[in-house]
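In UniProt numbering, the protein residues as written are 1 to 515.
Just so you know, even glycine gets a beta-carbon here, dropped at the ideal spot from N, CA and C.
Quantities reported herein were computed from a predicted structural model and do not represent experimental measurements.
Have a look at the structure below, then the notes.
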C-alpha cells in the first residue's frame with residue numbers, strides 16, 4: 001500500500017467526528033448510538049491537568065500488519081506472533097523517541113523523517129520479511145504485498161482518526177465493523193494514516209505522561225443529544241433468554257500486560273495493563289490445558305472463561321504499582337488504577353434465530369486498540385453514564401458525568417461464528433456482527449450467545465476550564481494511540497466445564513433468565 005508523505009505545518013485543531021456503533025445494554029437488546037461533538041484545547045499546566053498546545057507531529061501511524069494476515073499455518077503461529085509483537089515494540093520505541101526529541105525536531109525539519117520514521121521503516125521491513133520466512137518455510141503462502149506495509153507516517157493531532165472524516169466514522173451501525181458484520185471485508189481494515197512530515201515543535205498532547213488524553217477527548221454528557229436507537233424486532237425464532245455469570249470486579253488485582261490471544265508467548269505483548277476476571281491463570285504462556293486446570297473467580301465454578309479488558313486510570317498526579325514497569329508508566333500508562341464497582345457479564349440471544357453453543361476455547365476480541373492510527377472501522381467502544389445509557393452512547397469521547405452519576409463502559413461482542421474456527425489469523429474473521437437491522441448472521445455464519453459486559457466506575461468528574469482538563473481519566477493503551485476513548489476494547493476466551501456452554505445456549509433458546 002503506497003504512502004504519500006507531504007510536508008506541511010498544521011495548527012492543533014481537534015475535531016471529534018461522528019461515530020455510530022452498536023451496543024447491547026442491560027436487557028440484552030442491540031441499541032445503536034451516533035454522536036457528534038467537538039471541543040478545543042490549549043496549553044498544559046500542572047501535573048494533574050491535561051491540555052494541548054499548538055503542535056505538528058503528534059504520533060506515529062503504521063499499517064497494522066496483523067490485520068492483513070489471512071492464513072497462518074499452525075507451525076508458524078508462534079513465530080509470527082513474536083514478530084507481530086516486535087512490530088508493536090518498534091512503534092512504541094519510535095514513539096518514545098518522538099516524544100523525547102522535541103527540541104531536536106524544532107531545530108531540524110528533517111529530524112523526524114531521518115532519525116525516527118526512516119529507521120523504523122527499515123526495522124519493520126526486516127520484521128515483515130521474518131514473518132514471510134516463518135510462514136513459507138512450513139509450506140504456507142505469504143502475500144508479498146505485505147512488504148509495502150513497512151512504511152510509517154506521522155500524524156498531526158487533527159489527523160488521529162486516520163482520515164475518518166465522514167458522518168459515520170467508517171462504521172455501518174453494526175458495532176464498529178463494516179459490511180454487514182463482515183468486519184471490513186474480513187477484518188482486514190485498511191490502515192491509511194494521513195501523512196505529514198511538517199516541522200516539529202513542542203507538542204502538548206496532554207495527559208499526565210504527555211501522551212493524552214486532551215480536553216477534546218471529553219464531553220459533558222448532559223450536552224450531547226440523545227443518540228441511542230431502538231433494537232431490531234424479535235422474530236418468530238428469536239432466542240430471548242439470558243445467562244448471567246458473576247465473576248467479580250478484579251478486587252484481587254489480577255493484572256498483567258500480556259495478551260495471550262494476540263501475542264502468545266510474548267511478555268508485555270499488550271503494552272498496557274489488563275484487568276482479569278474469570279480464569280485466574282491467564283498470561284502470555286497460557287495453553288488450553290492450563291486454562292482448563294486454573295481456578296476461576298466466577299461463582300459458577302464451571303465457568304473458567306477469561307474475561308479481560310484494559311484498566312482505566314485517573315490521571316490526578318498519582319502513580320500506581322507499575323509506574324516504572326513496561327506496559328505501565330514507562331509506556332505512558334500512568335495514574336491510579338480504578339477497579340470497577342460493578343462488572344456485569346451477561347450472554348444474550350439473537351432477535352432472528354436460536355443460538356448454538358460457543359465452541360470450547362473460542363477467542364473473541366471486540367473493538368480495536370489502535371483506532372487512533374487505524375481509523376474507526378473496527379471500533380466498538382461505548383462510554384456513557386448511569387442514568388444516560390439508554391439515551392447517549394459515546395465512541396470517540398469520554399463522558400463527563402453529572403453529580404451522582406457513574407461512568408459506564410459497555411461492550412457487545414460479535415455474535416456470529418463461522419462454525420469452524422476458534423480463532424483466525426487476524427483474530428477477527430472467524431466471528432462477525434449480525435446485520436444491524438435484522439439481527440441475521442450473514443455469510444453462512446451461525447448465531448452464538450452474544451457476550452455483553454457492563455463496567456461501572458466511581459470517577460470524580462473531570463473539569464474543563466479554558467480548554468484545560470483537571471483530573472482526567474483514560475483507558476490504558478499503546479502509547480502512540482494517545483489514550484483516545486475509541487481505542488477501548490475487550491477480550492474473551494470461552495472455557496467451560498460440565499457442559500456449561502450448552503446450558504448457556506439452552507437458557508437463551510428457551511427464553512429463561514439463568515445464572
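Annotation for residue 403: no alpha helix (DSSP H) segment contains it, and DSSP assigns it neither H nor E. Linking residue 81 to residue 290 through their CA atoms gives a straight-line distance of about 20 Å. When secondary structure is reduced to three states using DSSP, residue 478 falls in the coil class, being assigned neither helix nor strand.
Non-local beta-carbon contacts of residue 504 in its own chain, meaning distances under 6 Å to residues more than five positions away in sequence, involve 243, 347 and 449 in chain order.
Counted as a single uninterrupted DSSP element, the beta strand (DSSP E) harbouring residue 58 occupies residues 57-61.
Listed in chain order, the non-local C-beta contacts of residue 78 below 6 Å within the same chain comprise 265, local neighbours out to five positions each way being set aside. Secondary structure within the segment 278-348: the beta strand (DSSP E) runs of 3 or more consecutive residues, fully enclosed, are 306-310, 312-315, 336-338 and 342-348 (chain order).
Apart from sequence neighbours up to five positions away, the residues of its chain that approach residue 73 with a beta-carbon distance below 7 Å are 135, 138, 139 and 140, ordered along the chain. With fewer than 16 other Cβ atoms from the protein chains shown falling within 10 Å of its own Cβ, residue 321 counts as exposed. DSSP, read as helix, strand or coil, puts residue 446 in strand. The beta carbon of residue 86 sits closer than 7 Å to those of 127, all from its chain and outside the five residues before and after it, given in chain order. By the neighbour-count definition (other C-beta atoms within 10 Å, threshold 16), residue 211 is a buried residue. Under the Cβ criterion (8 Å, minimum of three pairs), the segment 357-367 counts as touching the segment 481-496. Between residue 251 and residue 473, the C-beta spacing is not below 8 Å. The Cβ-Cβ distance between residue 282 and residue 260 falls below 8 Å.
Counting the other Cβ atoms within 10 Å of the Cβ of residue 103 gives fewer than 16, which makes it exposed. With contacts defined by Cβ atoms closer than 8 Å, residue 414 and residue 432 form a contacting pair. Along the length of the segment 195-278, whole beta strand (DSSP E) runs at least 3 residues long occupy 218-220, 242-245 and 274-278, reported in chain order. Within the same chain, Cβ atoms closer than 6 Å to the Cβ of residue 70 are found at 425, the five residues on either side in sequence being excluded.
Residue state for residue 416 is assigned as strand, using DSSP reduced to three classes.
In the three-state DSSP reduction, residue 493 falls in the strand class (E or B).
Secondary structure at residue 354: coil, using DSSP grouped into helix, strand and coil. Within the model, the alpha-carbon separation for residue 154 versus residue 224 is close to 31 Å.
Taking one beta carbon from each stretch, the segment 116-133 and the segment 349-361 have fewer than 3 pairs nearer than 8 Å; the two do not touch. Classified as exposed, residue 510 has fewer than 16 neighbouring CB atoms from the shown chains inside 10 Å of its CB.
By the criterion of at least three beta-carbon pairs nearer than 8 Å, the segment 217-232 is not in contact with the segment 268-277. For residue 105, there is no enclosing beta strand (DSSP E); the enclosing alpha helix (DSSP H) covers residues 102-107.
By the criterion of a C-beta distance shorter than 6 Å, residue 515 is surrounded in its chain by 244, once the five residues flanking it on both sides are discounted. Residue 328 and residue 442 have their C-alpha atoms roughly 40 Å apart.
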